[in-house]
Every structure is written in structure tokens, then in C-alpha cells.
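Undergrad:
Chains as they are written, first to last, in my numbering: chain A, 130 to 552; chain Z, 130 to 552.
#1: Around the Cβ of residue 431 of chain A, are there at least 16 other Cβ atoms within 10 angstroms (buried) or fewer (exposed)?
#2: Please compile the residues from chain C whose C-beta is within a distance smaller than 8 Å of the C-beta of residue 149 of chain Z.
#3: Specify the secondary structure class of residue 236 of chain A as computed by DSSP and reduced to three states.
#4: Would you kindly check if the distance between the Cβ of residue 371 of chain A and the Cβ of residue 326 of chain A is under 8 Å?
#5: Suppose the cutoff is 6 Å on Cβ atoms and the five residues either side in sequence are ignored; what does the same chain contact list for residue 173 of chain A look like?
#6: Using 8 Å for Cβ pairs, my map puts residue 299 of chain A next to residue 134 of chain A. What's the rounded Cβ distance?
#7: Give a yes or no on whether the minimum CB-CB distance between residue 205 of chain Z and chain A is below 8 Å.
#8: Near residue 279 of chain A, which residues of its chain fall below 7 Å by C-beta distance, leaving aside the five closest residues on each side in sequence?
#9: Please list the partners that residue 153 of chain Z has in chain A, where partner means a Cβ-to-Cβ separation under 9 Å.
#10: Using a Cβ-Cβ cut-off of less than 8 Å, give me the residues of the segment 163-182 of chain Z that come near chain A, in sequence order.
#11: Is there at least one Cβ from chain A nearer than 8 Å to residue 137 of chain Z's Cβ?
#12: Who are the neighbours of residue 201 of chain Z on chain A, taking C-beta pairs under 7 Å?
#13: Under the assumption that residue 488 of chain A contacts residue 389 of chain A (Cβ atoms under 8 Å), give the Cβ distance between them as a whole number of angstroms.
#14: Could you give the distance in angstroms between the alpha-carbon of residue 411 of chain A and the alpha-carbon of residue 162 of chain Z?
#15: Which whole-angstrom value describes the C-beta separation of residue 540 of chain Z and residue 318 of chain Z, a residue pair presumed to lie in contact below a C-beta threshold of 8 Å?
#16: Suppose the cutoff is 7 Å on Cβ atoms and the five residues either side in sequence are ignored; what does the same chain contact list for residue 513 of chain Z look like?
#17: Verify the CB distance criterion: does residue 247 of chain A have a CB-CB separation below 8 Å to chain Z?
#18: Is the segment 221-228 of chain A touching the segment 182-190 of chain A, taking contact as three or more C-beta pairs under 8 Å?
#19: Using the beta-carbon of each residue, which ones in chain A are nearer than 8 Å to residue 278 of chain Z?
#20: Do residue 286 of chain Z and residue 475 of chain Z have their beta-carbon atoms positioned less than 8 Å apart in this structure?
#21: Buried or exposed: where does residue 375 of chain Z fall if 16 or more other Cβ atoms within 10 Å of its Cβ makes it buried?
#22: Within its chain, find whatever has a CB closer than 7 Å to the CB of residue 165 of chain Z; leave out the 5 residues flanking it on each side and keep chain order.
#23: Based on DSSP bridge pairs, tell me the residues matched to residue 224 of chain A.
#24: Could you compute how far the alpha carbon of residue 440 of chain A sits from the alpha carbon of residue 454 of chain A?
#25: Counting only beta-carbon separations shorter than 8 Å, does residue 381 of chain Z have a partner in chain A?
#26: Confirm, please, whether the CB-CB distance from residue 457 of chain Z to residue 403 of chain Z is below 8 Å.
#27: With a cut-off of 8 Å on the beta carbons, I'd call residue 267 of chain A and residue 233 of chain A a contact; round off their distance for me.
#28: Which of helix, strand or coil does DSSP assign to residue 387 of chain A?
#29: To the nearest angstrom, how far is the alpha carbon of residue 340 of chain Z from that of residue 333 of chain Z?
#30: Using the rule of at least 16 other Cβ atoms within 10 Å of the residue's Cβ for burial, across every protein chain shown, is residue 311 of chain Z buried or exposed?
#31: Less than 8 Å between the beta carbons of residue 348 of chain A and residue 296 of chain A, yes or no?
#32: Tell me whether the beta-carbon of residue 612 of chain Z lies closer than 8 Å to the beta-carbon of residue 392 of chain Z.
#33: How big is the Cα-Cα spacing for residue 215 of chain Z and residue 191 of chain A?
#34: For the candidate residues A:176, A:506 and A:524, whose alpha-carbon lies nearest to that of residue 282 of chain A?
#35: Shortest alpha-carbon distance to residue 498 of chain A belongs to which of A:534, A:463 and A:526?
#36: Could you name the residues of the segment 250-264 of chain Z whose beta carbon sits closer than 7 Å to any beta carbon of chain A, in the order they occur along the chain?
In C-alpha cells:
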């Protein structure tokens, strides 16, 4: 008998049928002898509908009131889920973020969890109840106001609660049945990974894999809490996110690379003819950081000795492109650069794998396979367990496939199963 | 400068336009130099839609979870209203029942307010904010669970908050512009009352007038808090509910009767041939009270000396008719009565007025006018300031009109104005 935290996303509880299906799964877990805590998101499109309503009333809602509004969504789904479980003859109680003890800072819309004090959840479990907790929300330590955690918030709630309750596992239910070696829509021969390390998952998430949000993986790593990513539509084992690949695991025997991620959400800005003086790069990136724009990759060429000028390229979210360009134009006179190039036709391709540390040939193999596929590499960035390159966005999927094959990740004996029961 | 509590019902905030209109009215009150606390219901049909969702999931939702679900409705309307006020350049903060300090017992679905501790509301007002409070909801003292107050709950929230804040007035905004001497749909010549006493309003509410709920009037009377019932669609003065009619008030000069209420929601049960023994009536009504059925009027005839048998008639909500009939049949053998008559074709007509105390001719005038109109009186019940009679339901409206004329309540110089501005 263990303590299991399960998290269900909005698509799993989009309507009464979904709620009933999820209730059945929860009750099955309880019947298997476990204590169960469930974190649930708002139903289907509820959050978007509430945002629409807010926009009808004002173009600039305050963060406090927007959080008050949006948290109604989980209130609805969690109460209905508790009822659906009750209808199966089991006792469930729902709790808001505040009632569950999710204490945050006061940054409305993207609050950070400061502490989790799940006294009422423990009480409910000890009383034999299933506890249903609203994802995505908390209460601010200073002002006692309702807060929301921002993107990936419900996953983070689940992991944080699991850590505070010392749960055996945090199960994240999604509409895919695990983490794949590449996006199965791009690479049909992608394999489902049995295990992924926290480090690998962090790199994959940062590189564009959508399965889990960075914050929740960071949280799990800090508390060494196993995450099990699986489908709410099947009973298949999904992917375990853990500290280390198990000794002699099937994946480990061959896999230098765990997964290949790709991302088309970034743009590239090149600042041409930058004077190669101390402090110039700092001035440029400070002005962008001041506007809360996240820079991803940066490349600076060696300056041509004759001119004393260099080019600096960096990538950033496309959605921040216009603002960053405007900021740079504002300081063009001060810095004295020649011109700006903005390019949003780029894609990022990343190899991630803990095995990379002990296999120095990875980079060579990677670049060779891209060259064979006719791809031109425009930028390169590496970490200890990741290599990312920028290529033309039209070449991106070709590159993913080529690398997947080059690193022998292709499989034929597994199929991606959505909503099925066998494989 | 005063402190005003305003309550807006669901029909006043049914959509974005309604929210904006109400926001304008609130801001106008604030600009006039008042501190403003607003109690708001869920938007339009939200509550019904949430109940529908619950019914899709289970036929028997628990009270705790149903309350958790339904309170999402006010959470949405109050946050949107605060945003709409923000959009007009004024600062508003919304508060749940719990945050506003509305402390109740644990009776989910019809919790009673135990205490109101509006520390956060005071703080918000002192900070220059408009405070928006969720109606209909509170938090239970014992379990810290979310509760709802049941029918008329938002009115009760408003009056309770106004009392706790020592407000100057509690304004209840509805879709009619005050309390009328009779239902204007039945009596087009009905007059809007300038003032009504708490006692009169209690009798009117208990007699079928829908404007205000009994509980909220009781609360206001206990704290001697003036209520101003008015329309959110106009700026007309509405009706003041106060302790006493003001000295020499226009209404007072002539009005023995303040208002005439009618009610078609009751049925009449007659128990025929009841043995006239001590304890028999007690046994009958105890069995009904045990099932939480509210009896209204009771009439027992003098028993015929020859038989030692009597008939007992009483009225009760039609919705409880089937259950009460079944209960009585269960004890028929024990009591030994002859038969049961069930009649749901009855209507109740009530005259209410504080002036009745000092005008002994009221009953005679009332009965005479009903006789002139050809109505047969089937049951009679009186209080110090009310006379109610049961008649055929098809005669009810005729009776209301006849009494309205007989007591000289008809007016020609006032019109019922919905959404207009002049009269």
C-alpha cells in the first residue's frame, strides 16, 4: 500500500463522460489498496472561456481579479470529480489550493510555490477519503489572496503536493502515453522511453518537448520524486522520470541519446557590425533582459581584425521578436551597430541524452547525419547532455528523422497507442 | 459620506453589458462620496447550468461538493465585476464569502450565518477600494468548508454584511423598482410603497410576495438596518424597509393596509372524521413535522356532539403534498379517521398592514368585498397585522383586485416603470 498522487489535465475531464472515466480510474487505484490524492485542471476550454469573458469586460484585467476568476475553473472540475467518485460508492473531498495548503508568493498569474502545508489532505486520507485538489492555484503568503501558478501549473501542484506528502509516485495523466524518443507525429518509428532522468527531461522540456513543464521536473528532481507520465485512455505503463536510469535497463544498453526534441517557436536576431568593445554585449543583453525577454542561444563570431566589428546572433521566442527588435533599434545610436536582421524561419533541433557524457563521438555523428540530409547548421549550442542546432524551419522535420535513424532510435515493434489497450 | 452595501442579483449581471451597467452605478455611488460594498450573485443561469453538470455526473451529489461547485458561480461574477470597475478607473477587490468573514454552521445547501467578521472588507474600504463580495456563500465554523446559504442567500449576505459593517443602508437591486401594494401583473393600479415596516415585510414575504426573502428581512429587523429595494435599471427611489412608518408619511395617512399578497403554491389537505380525543391532532402534526414539512394554516371545526368526530384542514406547499398524504395514510389505522381529501386548486390571499391594529373594521370590510365579488372563503388565519384566507385558485386574482379597491389602494398617478427613468 502506498500513497499515489495523480494529475489529470483538462482534456481528460472535458465533459461528464471524461469525469466518469477518470473517476473509475481513481477508484481502481484506491481499490488496489493505495491512498490517492488527485490534482485536476479546469474542464476542457473553461479557462479560455473565462478569459474571453474577462476580455469582454476590460482589456486590462488586474492579476488579482484574473486569478480569482480563473480559479473558478478548477473549483468546478474538482467538485464534479468528487461527486463522480461519490457516485461509485467511494468518499471523495475536494480542496482548493488554499485549503490544500499550497502557499505561494504574490506574483499573480505566475506565482511560485513557497511552501506546501497539506494538513487537511492528510486528514482526509487518514479518514479514508480520496482527496481531490485544484491544480494551478494557491494562496499568497503575504496577502492571503488567491494566486495561479501559470503555465504547467497543475503539473507543478501535483509534484509539489506529492513531495510534501512524501508520496511514492506522482502520476501525470495526459493524452499521450509517455515520453517518446521524438515527436511521434514527426517520427512514426519513435519509441516510448521506459525511463528518462530528471536532467534529460529538463533538457527535453527546455528544447521544445511539450509533455512536461520545466518547473514541475525541477521540483521533482529537487525532492527526488518519481514521476510516471502515462495516458488516461489506457492502462499501459508510461514513462518514468527518475534520478538515474536503472542498472542494465533496456534503454541504457544502447541509448547514448534518449530523445530528440524540436521547436519552431523561436526566431533569430542578428546584430550586424557590432563594435568589438568591452561591455557592448552586456549592454545589448541587459536592455533585453530588462524587458523580461528570455534569450535562448547566443553566438558571437570572432571579429574581423581589419574592421574591429563583429556579428552577434541570438534566438528568442517569436512572440517577443517585435519588442526585442524595437528595444535594439532604440540603442542602435548608442552602440553603433550597422543593422539588424530578423529571421523567424528557423527551427531548433536538440539531441538529449545522459550517455553523451561518455561518448565523445556524438557531435560528429550528429553533424554528419545532418550534412548527409543536406541541412545547413546556422547556430550551435551545447550542454553536458544536450546538443542543439538552429536550421531552416523547413528542414527541421527532415533533420529530426535523420538524427533519429543515425542514433539507432527507430523501432518497429512499438506503436503509438491512443485510447487503445494493447500493443 | 456614508457606507452603502449594494446587492445585485443574477439578472442584473447576466452578461458583460449588465456587468458594465452595474459597474457604472457602483462607481457613481463611490463618486458621490460613499464607501461601497457590493454583494453579487452568480451571472444569469450559471447556477442552473452548474446543477445540470452535477446531475450529469451523479443523481445524489453530496452537500459539501455541491456547495463547492455552486460557489464557483459568484467567484466568476465578482471577479468580472471588479474588473469592470477597474476598467472605469476605480479600484475594486473581490472577496469570497470566506475572505469576507461570513461564518456559518455546517448545514450545506442552507447554512445559517453564525457570525460576520469583515476585517478584510474594512481594510479594503480604508484603502479606498470598492469591495465586491460573493453572495450566497460562507465558510463553516467547525470544518472550514465552503457553504451556501440557500434561497435568498445573497440578500441575506448583503444584510448581514451591512449589519456587521454598521452600514447606513443596504440597497437591494432587483428587476422591479420596489415593493408594491399588490403584484402589478395582477393589479395594474398597484402603487409602489414608499415605506414598509419590517413586520409588514415579514408578513408579506411569508404570504407569497417574492421581492425579499424572509431571512434577510428578519436579519435586518434584528439589527434595525434600513433596506432600500430598488431597480438596477433606473434611478428612481424604491421602497424603504424600516422599523416604523415615518411620522405623517404620505402612506400612513390613509393606509390601514400596506399590501395584498397572494400565493398559489399551497395545497389543502382535509382529514375527515377525526375522533375528537386529546392528543390526536398532536399525533397528526408531529408525524408531518418529523418529515420537515412546513404546515401553514390549520382549521379544526367544532365536533358534532352526536358523533364525537371532527374534520381538520391544513395547508402546505404543493411540493410536499404527496409525501404528507402518504404519511397520513400510514397512520390512518392508528388514528382512526375516515378519509383524506387533497385539494391543490386553492389560493391564499393575505392583507398585511400595521394599521390593522388600530382599525377593528378591517376584517368586516375584507370579507364583505370578497362576498360582493362572489368569492367563497374556505379557511381563515390571522396575525396581529395580517389576515389570510383560502379561496378557489381561479378566484384568487379577482379577490386581490377587489380587496385592493376596497381598501382604497388603487392609484392612477403612478405607473410601474421597468428600465425607465421618469414617472
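No residue lacks a Cβ here, since even glycine has one placed at the ideal position from N, Cα and C.
TA: This is what the structure holds:
#1: By the 10 Å Cβ count, residue 431 of chain A comes out exposed.
#2: Of the protein chains in the structure, A and Z, none is chain C.
#3: Reduced to three states, the DSSP call for residue 236 of chain A is coil.
#4: With respect to residue 371 of chain A, residue 326 of chain A sits close: the two C-beta atoms are nearer than 8 Å.
#5: Shown here for residue 173 of chain A: same chain residues with a beta carbon closer than 6 Å to its own, the five before and five after excluded, namely 139 and 143 in chain order.
#6: Confirmed, Cβ separation roughly 5 Å.
#7: Interface residue, yes.
#8: Excluding sequence neighbours, residue 279 of chain A sits near 238 and 239.
#9: Listed along the chain, the chain A residues whose CB falls inside 9 Å of the CB of residue 153 of chain Z amount to none; the nearest CB is some 12 Å away.
#10: Those residues of the segment 163-182 of chain Z that come within reach of chain A (Cβ to Cβ, closer than 8 Å) are 179 and 182.
#11: The beta-carbon of residue 137 of chain Z is placed no less than 8 Å from the nearest beta-carbon of chain A.
#12: Simply 201, 204 and 205.
#13: Incorrect: roughly 15 Å between the Cβ atoms, too far for contact.
#14: Rounded to the nearest angstrom, the two C-alpha atoms are 52 Å apart.
#15: Taking a contact as a CB-CB distance under 8 Å, the pair residue 540 of chain Z and residue 318 of chain Z counts as one, their CB atoms being some 6 Å apart.
#16: Answer for residue 513 of chain Z: 486, listed in chain order.
#17: Chain Z, which has no Cβ nearer than 8 Å to the Cβ of residue 247 of chain A, makes this no.
#18: Because the criterion of three Cβ pairs below 8 Å is not met, the segment 221-228 of chain A and the segment 182-190 of chain A do not touch.
#19: Contact annotation for residue 278 of chain Z against chain A: no contact, minimum CB-CB distance about 17 Å [criterion: below 8 Å].
#20: With a cutoff of 8 Å on beta-carbon distance, residue 475 of chain Z and residue 286 of chain Z are scored as not near each other.
#21: Exposure of residue 375 of chain Z is indicated by the presence of fewer than 16 other C-beta atoms within 10 angstroms of its C-beta.
#22: Closer than 7 Å at the Cβ level, and outside the excluded window around residue 165 of chain Z, lie 133, 135, 155, 158, 159 and 259.
#23: Residue 224 of chain A pairs with A:262.
#24: The alpha-carbon separation between residue 440 of chain A and residue 454 of chain A amounts to approximately 15 Å.
#25: The predicted position of residue 381 of chain Z is uncertain, since its pLDDT is 45 and thus under 50; no value can be drawn from it.
#26: No, they are not a contact pair.
#27: Going by Cβ atoms, the distance from residue 267 of chain A to residue 233 of chain A rounds to 4 Å, so yes, they are a contact pair.
#28: In the structure shown, the three-state DSSP call for residue 387 of chain A is coil.
#29: Distance between the alpha carbons of residue 340 of chain Z and residue 333 of chain Z is about 9 Å.
#30: It is buried - the Cβ of residue 311 of chain Z has at least 16 other Cβ atoms within 10 Å.
#31: No, the Cβ-Cβ distance between residue 348 of chain A and residue 296 of chain A is not below 8 Å.
#32: Residue 612 of chain Z lies beyond the residue range present for chain Z, which begins at 130 and ends at 552; the question has no answer from this structure.
#33: Each residue's alpha carbon lies about 8 Å from the other.
#34: Comparing Cα positions, the closest option is A:176.
#35: Comparing Cα-Cα distances from residue 498 of chain A to each of A:534, A:463 and A:526, the minimum goes to A:534.
#36: Answer in chain order: no residues at all.
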